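Quick note, the sequences are listed as chains A and B, same order.
Sequence positions in the first sequence follow full-length UniProt numbering and run 1 to 108.
Sequence positions in the second sequence follow full-length UniProt numbering and run 1 to 108.
The beta-carbon is built from N, C-alpha and C at its ideal position, and this holds for glycine as well.
Model, not experiment: these values are computed from the prediction.
I have placed the structure first, in the form of structure tokens, so that the comments after it can refer back to it.
There are 2 protein chains.
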Amino acid sequence: METKELTTEEKNCPLEKAVRAISGKWKIAIIWQIGKGEKRPSEFLRSIGKADRRVLSQQLSEMVTDGLLIKTAYNELPPRVEYTLTPKGENLVKILWELNEWGKQLHD
Amino acid sequence: METKELTTEEKNCPLEKAVRAISGKWKIAIIWQIGKGEKRPSEFLRSIGKADRRVLSQQLSEMVTDGLLIKTAYNELPPRVEYTLTPKGENLVKILWELNEWGKQLHD
Chain A
1 METKELTTEE KNCPLEKAVR AISGKWKIAI IWQIGKGEKR PSEFLRSIGK ADRRVLSQQL
61 SEMVTDGLLI KTAYNELPPR VEYTLTPKGE NLVKILWELN EWGKQLHD
Chain B
1 METKELTTEE KNCPLEKAVR AISGKWKIAI IWQIGKGEKR PSEFLRSIGK ADRRVLSQQL
61 SEMVTDGLLI KTAYNELPPR VEYTLTPKGE NLVKILWELN EWGKQLHD
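Written as structure tokens, this is what we have:
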């Protein structure tokens, strides 16, 4: 969802905050994949198809900052990075499952 | 949420359909206001602040097409138009209330 100029009221509105936290080309797709058990950017890139790696990593770090994901870097060669859901991220996945159910009622 | 080029799989994914149905600058704000009892475009324009009337009416008609809203035009002078939620729209409002709750956990 494009973020429009925000009034102070909008900035404090929890729904606006929630929508901003999940706006961004790949955020819902990423959270959805992690909710299904994927952990590594290479997996997200494969399952999300035409995601741009740079945009993907930008959105991953925004979601870490927002407290939705935990990033774990393993001290190995080659380097390995994994993302998992925080409790806040898990709660979002539950809402996305409801949105997914709701989407089944929509015709094309 | 910007809609990216869709693979066939994405087109059929209920979550993608749901996100597309609520993407658009004012759709969530409109649904939210109707869920709080507002009915008329003039009310939405007032409460959503800087909404553009033309874009607002485009998004209202998309939501009627998607089966989220019912448009009722009253044969009066001046003409009066009201929008109300369909059951599908009401179900969406329930999910938005949960997203609103979830948004309360997000810091600024």
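- Looking at D66/A, G67/A, E62/A, V19/A, the one whose alpha-carbon comes closest to that of W32/B is V19/A.
- A contact is defined here as three or more CB-CB pairs under 8 Å, and the region 91-98 of chain A fails this definition with respect to the region 49-61 of chain A.
- Contact of P87/B with chain A is not assigned, every C-beta pair being separated by 7 Å or more.
- Around V93/B, no beta-carbon contact reaches into chain A at under 7 Å, the shortest distance being about 11 Å.
- At least 7 Å separates the CB of I34/B from every CB of chain A.
- With respect to the C-alpha of P87/B, the residue from D66/B, S42/B, P41/B, D52/B having the closest C-alpha is D66/B.
- Nearest neighbour of L85/B by Cα position, chosen from G37/B, Y74/B, L106/B, turns out to be G37/B.
- For the 7 Å CB-CB criterion, N75/B and P14/A do not form a contact.
- Cα atoms of K17/B and K104/A: separation of roughly 8 Å, rounded to the nearest angstrom.
- Membership of I70/A in the beta strand (DSSP E) is indicated by the continuous run 69-74.
- DSSP places E38/A in no alpha helix (DSSP H); its state is neither H nor E.
- At a C-beta separation below 9 Å, N75/B has no neighbours in chain A, since its nearest C-beta there lies roughly 30 Å away.
- The beta carbon of K39/A lies closer than 8 Å to those of E82, Y83, T84 in the same chain, with the five residues before and after it left out.
- If you draw a straight line from the Cα of N12/A to the Cα of S47/B, it is about 15 Å long.
- Taking 7 Å as the threshold, the shortest C-beta distance from P14/A to chain B falls below it.
- A Cβ of chain A is located within less than 7 Å of the beta carbon of V19/B.
- The secondary-structure analysis by DSSP pairs E98/A with nothing; it has no beta-bridge partner.
- The Cβ atoms of I28/B and I22/B lie closer than 7 Å to each other.
- L68/A and P79/B have their C-alpha atoms roughly 47 Å apart.
- Scanning R54/A, A73/A, G89/A for the CA closest to the CA of L106/B turns up G89/A.
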